[in-house]
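Quick note: to get this note's numbering, add 220 to the position in the sequence shown (first position is 1).
Where a beta carbon is used, it is the ideal one built from N, C-alpha and C, also for glycine.
Contents: one structure, followed by commentary.
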Amino acid sequence: MTDNTVNSNGTEVYLHDIYRYADEYIAQELNGDKDSVSESFVDMVFFIADRIPKPDNADIELLDNIFNIYVRLCSKYKILPTLEVFSFLVGINRSTFTDWSNGEYRSSTAHGNTVKKWLDVCRSFVVNRLHNKPGTDANLIFTAKAAYHMRETSPEPVEYRTPQRLASREELGLEAPKEQPALPGTGGND
């Protein structure tokens, strides 16, 4: 999907008002300086939120479509998407997303699975940034741990992963650690 298309008479046709309002924000508030959007991204989201109709919380399909547009904006302007900023865009309290994800509210609908998908998308952006960013970013690693429950791992040498060793751990009653995504570039299995 592209941000907009140009029809035969040269007029831009926006696929969604969110893209148009983003361009409007850049033109009005940033004097056309697209390079400074990353520093003003949250302000741009509030600008857009003030201009779009608030979606109905019950319409998870519409919310999912808006999330997909939000993610594309984040990608375009090199911003990591978060449910916090998405909540600003759609006017839904962030804790509501957590309630949906935990099945505490709207458990008989697709809301919980959709929010889990959104979290996975946000986590994927963090993992991608960690994989592709030169050096180590301690703040991003902290975010990965705190927001997405990722952890650093140190690789276990192959010679220690023998069937005998695994069997002896089970005999001693030692549980295998719960499988959690490892942070790339921190000694995990990247």
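Cβ shell of residue i (< 6 Å), same chain only, five flanking positions each side left out
| i | result |
| --- | --- |
| Asp243 | none |
| Asn288 | none |
| Tyr245 | Met264 and Phe267 |
Whole-angstrom C-beta distance between residue j and residue i, which should lie under 8 Å
| i | j | result |
| --- | --- | --- |
| Tyr290 | Ser258 | Tyr290 to Ser258, Cβ: 15 Å. No contact. |
| Ile272 | Ile238 | 6 Å |
Residue j beta carbon less than 8 Å from that of residue i
| i | j | result |
| --- | --- | --- |
| Gly323 | Gly311 | no |
| Ile268 | Leu309 | yes |
| Val341 | Trp320 | no |
| Thr363 | Val346 | yes |
Residue i, enclosing alpha helix (DSSP H) - first and last residue
| i | result |
| --- | --- |
| Gly332 | His331 to Asn352 |
| Val257 | It is not in any alpha helix (DSSP H) - Val257 carries neither H nor E in the DSSP assignment. |
| Ser328 | It is not in any alpha helix (DSSP H) - Ser328 carries neither H nor E in the DSSP assignment. |
Spatial neighbours of residue i in its chain, beta-carbon cut-off 8 Å, leaving aside the 5 residues before and after
| i | result |
| --- | --- |
| Arg314 | Leu303, Glu304 and Ser307 |
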